[in-house]
Each structure stands twice: as C-alpha cells, then as structure tokens.
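In the numbering used here, the protein residues as written are 9 to 92.
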C-alpha cells in the first residue's frame, strides 16, 4: 500500500492502522445505496449548513477511490460485476 508491502496475519487493528478498511453492506438494512453513499457511510458525509452536501461528499469519495485505484490493477471484472 502506497509502495509498501504489507504482511498478512497481523490482525484487524494493524490493517486499520495501515489505512485498510472493509465496509459491509447489509441489503436488508440499507437498500439500493450508491457507491458514494456506501463509502460515505464509513468515512462520513460532507455537510454544509447542517445538511448533507452531496456534491462535496461525491468529490471526497472520488479522491478516496482515486487513491485506491492508483496502486491496484484489475485484469478483469468478476462475473457479477460484468453482469451489472
């Protein structure tokens, strides 16, 4: 991650310290969320005047996704992803 090799098996706290997280989505609790909303559930929604600022939230999530993509290569989509 960020050019540093990570060793497996050091536990969840070590992963969190390295900036790795997994956001669970329970479709029974929150249905039909966008990618932006799923990620914002974890990192927090941007607010303006006490209300959720969708444009700012989308911009922050786009930066997070860009950081994730920088070091990752995806040779092919999974079958589920290809089906849409």
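Glycine residues also receive a C-beta, built at the ideal position from the N, C-alpha and C atoms.
Cα-Cα separation, residue i to residue j
{"i": "residue 69", "j": "residue 27", "result": "15 Å"}
{"i": "residue 13", "j": "residue 25", "result": "14 Å"}
{"i": "residue 42", "j": "residue 66", "result": "10 Å"}
{"i": "residue 57", "j": "residue 63", "result": "14 Å"}
{"i": "residue 59", "j": "residue 51", "result": "16 Å"}
{"i": "residue 30", "j": "residue 61", "result": "24 Å"}
{"i": "residue 55", "j": "residue 46", "result": "16 Å"}
Closest by C-alpha distance to residue i, when choosing among the options
{"i": "residue 72", "options": "40, 63 and 48", "result": "48"}
DSSP-derived helix/strand/coil call for residue i
{"i": "residue 55", "result": "strand"}
{"i": "residue 28", "result": "coil"}
{"i": "residue 73", "result": "helix"}
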